[in-house]
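In this text, residue positions in the sequence shown follow the UniProt record's numbering: the first is 1, and each later residue adds one.
For every residue, glycine included, the Cβ atom is placed at its ideal position computed from N, Cα and C.
These notes are about the structure you will find just below.
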Amino acid sequence: MEQKLLAYLKEHEAEIFADLKELVLAEASTSDIDQLAHVREVLIRLIKERTGSDTFVYEAKGGHNPMKFEFGQGDGTVLLIGHYDTVCPIGSMELRQEGNELHGPGVLDMKSGLVSAIWSMKAYKDLGIDPGKCLRMVINGDEEIRSPESSSIICEQAQGCKAALVCEPCTSNGDLKTGRKGSIGFEITIHGKATHAGNNHKGGINAIEEMAREIQYVHSLTDYEAGTTLNVGICSGGTKANVVPDLASYTVDCRYMKMSEGERIRGLLTNLAVSVPGTTREVAVDEGMPPMEQTPGNLGLYELAAQCGEKLGLSFSHQFVGGGSDGNKVSAMGVPTLDGLGAWGDGAHAVNEHILIDQYVPRIALLASLILKI
Numbered sequence: 001m002e003q004k005l006l007a008y009l010k011e012h013e014a015e016i017f018a019d020l021k022e023l024v025l026a027e028a029s030t031s032d033i034d035q036l037a038h039v040r041e042v043l044i045r046l047i048k049e050r051t052g053s054d055t056f057v058y059e060a061k062g063g064h065n066p067m068k069f070e071f072g073q074g075d076g077t078v079l080l081i082g083h084y085d086t087v088c089p090i091g092s093m094e095l096r097q098e099g100n101e102l103h104g105p106g107v108l109d110m111k112s113g114l115v116s117a118i119w120s121m122k123a124y125k126d127l128g129i130d131p132g133k134c135l136r137m138v139i140n141g142d143e144e145i146r147s148p149e150s151s152s153i154i155c156e157q158a159q160g161c162k163a164a165l166v167c168e169p170c171t172s173n174g175d176l177k178t179g180r181k182g183s184i185g186f187e188i189t190i191h192g193k194a195t196h197a198g199n200n201h202k203g204g205i206n207a208i209e210e211m212a213r214e215i216q217y218v219h220s221l222t223d224y225e226a227g228t229t230l231n232v233g234i235c236s237g238g239t240k241a242n243v244v245p246d247l248a249s250y251t252v253d254c255r256y257m258k259m260s261e262g263e264r265i266r267g268l269l270t271n272l273a274v275s276v277p278g279t280t281r282e283v284a285v286d287e288g289m290p291p292m293e294q295t296p297g298n299l300g301l302y303e304l305a306a307q308c309g310e311k312l313g314l315s316f317s318h319q320f321v322g323g324g325s326d327g328n329k330v331s332a333m334g335v336p337t338l339d340g341l342g343a344w345g346d347g348a349h350a351v352n353e354h355i356l357i358d359q360y361v362p363r364i365a366l367l368a369s370l371i372l373k374i
C-alpha cells in the first residue's frame with residue numbers, strides 16, 4: 001500500500017506543488033484578519049476540489065476563525081491538526097526555488113502540512129481506498145499566538161479520537177516529534193519604599209535589589225538534564241539614579257518536560273519568600289501550554305510511522321523538542337499524538353524558511369500510509 005500511495009503522489013507531483021504555491025502566495029500573518037479570511041477561501045476551495053468535503057468555519061471573536069472538515073467514515077476517528085496563519089509579515093518573503101529548496105512565507109510552517117493532509121485524502125479518493133475511519137481535520141488561524149480562540153475547539157474535536165496527527169514540519173534532520181515541552185510564564189512585581197538615595201538611603205526599601213536576588217535564584221532553577229529552563233527576558237525598575245526604587249518587575253519564561261515539573265516550578269515562584277526586608281511581591285501566572293509527554297500512546301504511533309517509513313525507503317527517528325504546538329493539549333487529554341508529520345525543511349520563523357523539494361512527496365506518502373495503519 002505504501003508504494004501504491006507513493007506512486008500516485010509522484011504522478012501528481014506537479015499538481016501538489018501547484019496547490020502548495022497557491023496556498024503560500026495567499027499570505028496569512030496572524031495579525032492580518034482580512035488576509036486570514038482570504039486564505040480560508042483558498043483552503044475551502046482546495047478542500048472541496050481535492051477531497052469532495054465541505055468545510056465548516058467557526059466564528060471566533062478575534063477573527064482567527066478555525067475550520068473543520070471530515071473525510072471517510074467507519075469505527076473511530078483520527079484527528080488531523082494544522083494551522084493556516086504564519087509569523088511572516090505580509091510581503092516580507094518571496095516564493096522562490098533555490099536548488100532543492102522551495103522558499104516562501106509559511107511554506108514550512110505550515111502550508112505544506114495542510115497540503116499534505118488534503119492530498120492524502122485525495123489519494124484515497126482517487127485510488128478507491130477506504131480509510132476505514134473518520135478523518136477529521138481542524139485548521140486554526142491563531143496557532144502562532146498560542147491558539148487563544150481555537151484551543152477549546154481543538155480539544156472538543158479531539159474527545160474520543162483514536163489518535164491525533166499534527167501536520168507541523170518534522171525536525172531539521174527529518175525526525176518526528178513524540179514530545180514537546182510545556183511552558184509557563186510569570187510576571188513578578190516587587191514593591192519597596194522610595195526615599196532620597198543621598199539624604200535617606202537607610203530609610204528606603206530597594207525593590208530592584210529584591211528583584212536582582214530573585215533573578216539569580218530563578219536562573220539557578222534551570223536543569224538541562226531534566227529539560228527544565230527558566231529565562232528572565234524582561235526586567236525593569238526605578239525612576240531616577242538618586243531615588244531608592246519602590247517598584248521593579250521581571251518576566252520569566254519556563255519550559256519543562258513533565259506536568260509534575262511544571263507544578264513544582266509554579267509552586268516555587270509563586271510562594272517564594274522575599275529576602276530584602278520590607279519588600280512585597282505579586283505574581284501573575286500565564287499557564288501557557290501543558291507538555292506533550294512521551295507517553296506510550298505517542299511512542300506507539302511513532303512505531304507505526306517507522307514501519308511505514310521503512311517501506312517507503314525513509315529513515316528517521318523521533319525527538320522531544322522545546323517548542324509547543326496544538327498537539328500539546330490534545331496529548332495532555334490522553335489522546336495518542338504524533339507531531340512533525342508535515343514537510344522536511346528548515347528555517348521556520350526565519351528569512352530562510354524552506355522545504356526540501358525531493359523529500360516532500362515521500363513525506364505526504366508517510367502521512368497517508370500512517371493514517372491507514374491506525
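Residues near residue i by beta carbon distance below 6 Å, same chain, minus five either side
i	result
residue 161	77, 79, 335
residue 318	175, 176, 178, 302
residue 331	292, 337
residue 96	103
residue 56	68
residue 87	144, 349
residue 171	319
residue 105	27, 86, 88, 93
residue 16	119
residue 60	149
Neighbourhood of residue i by C-beta, 8 Å cutoff - its chain only, sequence neighbours within 5 removed
i	result
residue 236	248, 249, 250
residue 108	169, 342, 343, 345, 346, 347, 348, 353, 354, 355
residue 146	288, 289, 324
residue 164	78, 79, 80, 81, 158, 327, 330, 331, 335, 336, 337, 338
Beta carbon of residue i nearer than 8 Å to that of residue j
i	j	result
residue 222	residue 265	no
residue 252	residue 276	no
residue 62	residue 149	yes
residue 196	residue 231	no
residue 299	residue 370	no
residue 156	residue 85	no
residue 82	residue 139	yes
residue 204	residue 244	yes
residue 283	residue 210	no
residue 101	residue 357	yes
residue 154	residue 339	no
residue 285	residue 215	no
residue 132	residue 167	no
residue 115	residue 23	yes
Residues sharing a beta bridge with residue i, DSSP
i	result
residue 68	56, 138
residue 163	78
residue 143	Bridge partners of residue 143: none, in fact.
residue 231	253
residue 346	354
residue 286	185
residue 318	176
residue 97	102
residue 292	180
residue 42	Its beta-bridge partners do not exist; DSSP assigns none.
residue 396	The shown model of the chain, from 1 to 374, leaves out residue 396, and the question about it has no answer.
Best match in the options for proximity to residue i [C-alpha to C-alpha]
i	options	result
residue 48	92, 19, 257	19
residue 240	211, 261, 206	206
residue 32	225, 294, 122, 141	141
residue 52	213, 119, 254, 106	119
residue 27	226, 134, 143, 90	90
residue 225	143, 215, 320	320
residue 382	322, 283, 285, 213	With the chain running from 1 to 374 in the structure shown, residue 382 is simply not present.
residue 208	165, 281, 167	281
residue 21	75, 46, 64, 254	46
residue 11	316, 110, 127	127
residue 3	294, 200, 311	311
residue 294	180, 152, 213, 99	180
Proximity test, residue i beta-carbon vs the ligand NAD heavy atom, cut-off 7 Å
i	result
residue 11	In the structure shown, the ligand NAD is absent, as is every other ligand, since no ligand is present at all.
Own chain residues within Cβ distance below 7 Å of residue i, not counting five before or after
i	result
residue 314	362, 366
residue 290	182, 259, 328, 329, 332
residue 368	5, 120, 123
residue 125	51, 52
residue 65	40, 57, 58, 59, 141
residue 308	2, 366, 369, 370, 373
Does the pairing of the region 267 to 284 with the region 182 to 194 give three or more beta-carbon distances under 8 Å? yes
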